[in-house]
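Asks:
Numbering (our numbering), first residue to last: 5 to 570.
So, in structure tokens, the structure goes:
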């Protein structure tokens with residue numbers, strides 16, 4: 005048992021409350037997903053196996069004992085308790101509704117109606133890949149596979165379960181395989197009839213017997229998402245930011261009276277600067293030697309100063325960020341990311357571009373006024389989960405999983421999408437509500453209607469296996485290959501952009517990096533190499549047709565580069 009007071013345990017909870025696994029086309033190799041918000045970088049080549057295939061990302065779950073006040077007091081492992089894990093993965097994209105636009109924004113009223121995918125298929129169950137639940141116990145167990153689900157009669161592997169040396173649960177997803185049962189080509193970014201992929205999601209439950217008694221256990225959820233091609237990158241607004249803002253609005257959490265610089269203000273500016281490694285426009289504005297290179301100690305020290313000396317500097321910086329009620333459809337306000345309503349040509353709405361959460365924007369205004377806690381610390385935060393106090397570890401695991409997921413733009417998105425903005429989806433902050441395992445979901449009709457967003461016990465309440473991923477593009481590769489940057493070349497060829505933290509745009513190649521680091525070369529040559537950025541989408545064949553490009557990623561997900569830390 006980890007540090008803590010085991011005698012105070014009244015119940016248990018699974019953390020992270022939402023874990024994130026990712027597909028990869030390596031047969032057996034995998035990596036564990038981030039377990040702290042600022043993990044140590046891995047060595048070069050870490051994310052591929054010996055054949056060059058992408059390793060899957062596994063989600064690891066732990067059991068924590070809580071006291072009667074709900075405070076984590078100890079981690080419970082196989083050495084302390086009898087633990088039986090149950091996971092139910094499913095993929096229900098092909099039987100669900102099309103994606104046209106996020107339905108909770110005003111622009112949805114003028115978007116095409118979202119009809120059922122594969123509407124000509126009468127046997128809707130044949131479109132669901134649902135192998136049912138799987139159980140696992142013990143330590144270092146190679147457990148059951150989710151391999152009995154079928155799509156139109158064809159078996160589809162969705163992943164498998166393992167446990168580690170302490171009996172913690174490890175969930176692995178699919179291997180990045182997508183295909184059509186009728187052998188048609190994919191032709192669009194989100195709704196390809198006849199197709200399936202092998203992402204999934206579902207509940208994670210556990211039975212825990214501790215000191216001879218069964219403990220109540222708060223369940224969790226696992227989302228199996230597409231690969232992360234920028235493993236150390238974070239967007240300016242993450243899924244954790246979105247869920248935190250929602251928890252404040254819904255009264256699940258109490259917001260702090262003052263933001264902390266280190267936790268609430270600093271990340272916004274550092275993420276802007278660190279996106280320099282995945283987008284050339286961000287590199288020019290926020291990167292090395294750029295006018296707004298906010299990630300430097302000099303800038304961070306200055307931004308941490310609450311005195312009136314820099315009041316106007318803070319004010320003008322805070323006002324650069326987009327506010328929907330104030331800004332029109334100009335692409336100029338920060339953070340230079342496309343939004344939920346983006347289309348080509350750009351529609352006349354501010355939601356064609358992204359904004360931070362209301363919580364983040366409010367914190368920035370408090371920071372602007374000097375009303376914040378100036379706790380800047382240049383030292384690295386803990387880089388391993390074991391280095392956090394046990395009382396904090398559960399929340400840290402959840403934050404780590406969700407900070408590497410995107411909350412912009414939901415078009416439809418990378419890991420999760422717009423229904424995550426509904427408070428009815430949650431049992432508590434960051435913890436999804438579960439539908440009863442015996443509940444049979446009704447037929448909601450041939451077309452999505454706004455009534456479904458308020459239907460009691462409908463799709464925006466307790467979730468069923470496959471309930472999160474079904475809102476996403478099918479297959480995911482067509483969406484990933486479609487979302488790029490700088491659509492209006494007259495304005496800027498590099499920004500705004502879709503999803504650069506997960507799906508890079510313009511990157512520093514290994515060849516250019518080697519020139520940059522070669523001190524024997526002339527400085528001018530090294531600077532020129534640093535300024536060069538290659539189009540990350542090159543492997544898709546940029547002179548090929550759109551259809552050829554999206555099907556190219558379907559055929560080989562490992563051909564794309566992984567942006568690594570050096």
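All C-beta atoms in this analysis are idealised placements derived from N, C-alpha and C, irrespective of residue type, glycine included.
#1: Quick one: which unbroken alpha helix (DSSP H) runs of 4-plus residues sit fully inside the segment 365–452? Chain order, please.
#2: How would you call residue 92, buried or exposed, if buried means at least 16 neighbouring beta carbons within 10 angstroms?
#3: Express the C-alpha separation of residue 293 and residue 268 in angstroms, rounding to a whole number.
#4: Contact between the segment 194–212 and the segment 323–332 is defined here as three or more beta-carbon pairs at a separation below 8 Å; is this criterion met?
#5: Could you tell me whether the Cβ of residue 115 comes closer than 9 Å to any Cβ of chain C?
#6: If you follow the beta strand (DSSP E) that residue 160 is in, where does it begin and where does it stop?
#7: Are residue 395 and residue 77 close, meaning C-beta to C-beta below 9 Å?
#8: From the DSSP output, in three-state form, read off residue 285 for me.
#9: Counting C-beta neighbours from all protein chains within 10 Å, is the total for residue 61 16 or more, i.e. buried, or is it exposed?
#10: Figure out for me which residue from 527, 495 and 481 has the closest Cα to the Cα of residue 193.
#11: With residue 79 as the anchor, note down where its alpha helix (DSSP H) starts and where it stops.
#12: Please report the residue range of the beta strand (DSSP E) in which residue 211 lies.
#13: If you draw a straight line from the alpha carbon of residue 20 to that of residue 38, how long is it in whole angstroms?
#14: If you drop the 5 nearest sequence neighbours on each side, which residues of the same chain put their C-beta closer than 6 Å to that of residue 404?
#15: Got a sec, what are the start and stop residues for the beta strand (DSSP E) residue 520 sits in?
#16: Just to check my reading of the structure: residue 556 and residue 545 have Cβ atoms closer than 8 Å, yes? What is that Cβ distance to the nearest angstrom?
#17: Here's the rule I'm using: 16 or more other beta-carbon atoms within 10 Å means buried, otherwise exposed. How should residue 102 be labelled?
#18: Count Cβ pairs between the segment 109–120 and the segment 234–252 that sit closer than 8 Å; are there 3 or more?
#19: Quick one: complete beta strand (DSSP E) runs, 3+ long, within the segment 131–181?
#20: At which residues does the beta strand (DSSP E) containing residue 70 begin and terminate?
#21: When the Cα atoms are used, what is the spatial distance from residue 214 to residue 85?
#22: In this structure, how does DSSP classify residue 290 when only helix, strand and coil are distinguished?
#23: In terms of DSSP beta bridges, what is residue 564 paired with?
#24: Taking the beta strand (DSSP E) that residue 17 belongs to, which residues open and close that run?
#25: Considering only the beta carbon of each residue, do residue 424 and residue 246 sit closer than 9 Å?
#26: I need the DSSP call for residue 241, collapsed to helix, strand or coil.
#27: Would you mind working out which of 499, 228, 496 and 422 sits nearest residue 463, comparing C-alpha positions?
#28: State whether the segment 378–388 contacts the segment 62–72, with contact taken as three or more CB pairs (one from each stretch) at a distance under 8 Å.
#29: Check whether the segment 141–157 and the segment 531–543 touch, using three or more Cβ-Cβ pairs below 8 Å as the test.
#30: Between which two residues does the beta strand (DSSP E) containing residue 633 stretch?
#31: When you compare the segment 352–361 with the segment 332–340, are there three or more beta-carbon pairs, one atom per stretch, that lie closer than 8 Å?
#32: Where residue 517 and residue 563 are concerned, what is the direct C-alpha to C-alpha distance, given to the nearest angstrom?
#33: By DSSP, does residue 252 sit in helix, in strand, or in coil?
#34: By the 10 Å Cβ neighbour count, where 16 or more other Cβ atoms means buried, how is residue 136 classified, buried or exposed?
#35: Does residue 304 come out as helix, strand or coil in the three-state DSSP assignment?
#36: Relative to the alpha-carbon of residue 470, which residue among 453, 419 and 303 has its alpha-carbon at the smallest distance?
Replies: In brief:
#1: 394–407
#2: buried
#3: 25 Å
#4: no
#5: Of the chains in the structure shown, none is chain C; there is only one protein chain.
#6: Element bounds for residue 160: 158–160.
#7: Inclusion of residue 395 and residue 77 in the CB contact set at 9 Å is warranted, their separation being smaller than that value.
#8: helix
#9: buried
#10: 481
#11: Run containing residue 79: none in the alpha helix (DSSP H); it sits in the beta strand (DSSP E), 76–80.
#12: 204–214
#13: Put simply, the backbone Cα of residue 20 is about 11 Å away from that of residue 38.
#14: 38, 39, 40 and 41
#15: Taken as a continuous stretch (DSSP letters only), residue 520 belongs to no beta strand (DSSP E), being part of the alpha helix (DSSP H) at 514–520.
#16: 6 Å
#17: buried
#18: These segments do not touch.
#19: Under the rule that a run must span 3 or more residues, the beta strand (DSSP E) segments found entirely inside the segment 131–181 read 137–141, 146–149, 153–155, 158–160, 164–167 and 173–176.
#20: 60–70
#21: Spanning the two alpha carbons is a distance of roughly 5 Å.
#22: helix
#23: Per DSSP, none; premise fails for residue 564.
#24: From DSSP, the beta strand (DSSP E) with residue 17 extends over 15–19.
#25: The beta carbons of residue 424 and residue 246 sit closer together than 9 Å.
#26: Correct three-state label for residue 241: coil.
#27: 422
#28: no
#29: Cβ pair count under 8 Å is below three, so no.
#30: Residue 633 lies beyond the range of the chain shown here (5 to 570); nothing can be said about it.
#31: yes
#32: Whole-angstrom Cα-Cα distance: 20 Å.
#33: helix
#34: With fewer than 16 Cβ atoms within 10 Å of its Cβ, residue 136 is classed as exposed.
#35: Of the three classes helix, strand and coil, the one that applies to residue 304 here is helix, per DSSP.
#36: Closest by alpha carbon: 419.
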